[in-house]
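Enquirer: My questions all concern the structure below.
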Amino acid sequence: EAQVTQNPRYLITVTGKKLTVTCSQNMNHEYMSWYRQDPGLGLRQIYYSMNVEVTDKGDVPEGYKVSRKEKRNFPLILESPSPNQTSLYFCASTPGQGITGELFFGEGSRLTVL
Amino acid sequence: AQSVTQLGSHVSVSEGALVLLRCNYSSSVPPYLFWYVQYPNQGLQLLLKYTSAATLVKGINGFEAEFKKSETSFHLTKPSAHMSDAAEYFCAVSDRAGGYNKLIFGAGTRLAVHP
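One line per chain: the protein sequences are A and B, in this order.
Positions 54 to 167 (the working numbering) are the ones given, in order, by the first sequence.
Positions 61 to 175 (the working numbering) are the ones given, in order, by the second sequence.
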């Protein structure tokens, strides 16, 4: 089954404790992206990647890191989480190197930073 | 700069009534436009997309949207609401000015359908 898989789905952590949210897609898509969803703000792009070893900042990259060492994986790293990073996070992918068609979303990872 | 405005954060309709969710965009070049739906505790799934072909776009579950360049609008409609349509709906834009690398979302409209 074609899918984008995120882990963990739910996580409660404390300020400053490094964490990684993994994202994997099995559709051989070039483009991958991370979004955060906050009430009243919709989804905002954190980082995106057009292909292996190619990443760039989205609209809200502060406090986040990403890497794209393999085509299928695009982990989101919070080196020192803070309470304002409490949010619902989505990973997404699409074929090609830009968003001209459907983005396929994971089921989301709800992160709480205390 | 790209932006998307969805008028009305909450819309409530009766079952069987017309659904109209409004979306206006700002883009300096012809955009790609999308409507996504999010059911509770799920990711987003594509309802329909406009990619510069026909201005009236039909999507899944009986939804459609019309691209009106003069009004910079892409409103979503459905003639008759079902209880199962209750969800949050997001309008989004991607355009060449952003290198098609960014999908800018509106704030979302939560649709409630009552009997």
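Positions of the beta carbon are idealized from the N, C-alpha and C atoms, including for glycine.
Quick caveat, the model's predicted, so the values are computed rather than measured.
Give me the Cα-Cα distance between L94(A) and Q62(B), rounded to the nearest whole angstrom.
Expert: One C-alpha to the other measures close to 15 Å.
Enquirer: Taking only three categories from DSSP, how would you classify I120(B)?
Expert: Here I120(B) sits in helix by DSSP.
Enquirer: If you count every other CB in all the chains shown that lies within 10 Å of the CB of A172(B), and 16 or more means buried, which is it?
Expert: So A172(B) counts as exposed.
Enquirer: Give me the chain B residues within the contact set of E115(A), using Cβ-Cβ distance strictly less than 7 Å, ordered along the chain.
Expert: Per Cβ cutoff of 7 Å: no residues; E115(A) is ~17 Å from chain B at best.
Enquirer: Report all residues from its chain with a CB closer than 8 Å to the CB of H174(B); omit the five preceding and five following residues, and keep chain order.
Expert: S72, V73, S74, E75, listed in sequence order.
Enquirer: List, in chain order, every chain C residue whose beta-carbon is nearer than 8 Å to that of L106(B).
Expert: Any reference to chain C falls outside this structure, whose protein chains are A and B.
Enquirer: Would you say E160(A) reaches chain B, if we count a Cβ-Cβ gap shorter than 8 Å as a contact?
Expert: Cβ-Cβ to chain B under 8 Å: yes for E160(A).
Enquirer: In chain A, what lies closer than 9 Å to T111(B) by C-beta?
Expert: Per Cβ cutoff of 9 Å: T153, G154.
Enquirer: Under three-state DSSP, which class holds K122(A)?
Expert: Correct three-state label for K122(A): coil.
Enquirer: Which two residues bound the contiguous beta strand (DSSP E) that contains H135(B)?
Expert: Run containing H135(B): 133 to 138, per the beta strand (DSSP E) assignment.
Enquirer: I need the straight-line Cα distance from Q90(A) to Y92(B), nearest angstrom please.
Expert: Each residue's alpha carbon lies about 21 Å from the other.
Enquirer: How about Y100(A): is its Cβ closer than 7 Å to a heavy atom in the ligand SAM?
Expert: Among the components of this structure there are no ligands whatsoever, and the ligand SAM is therefore not found.
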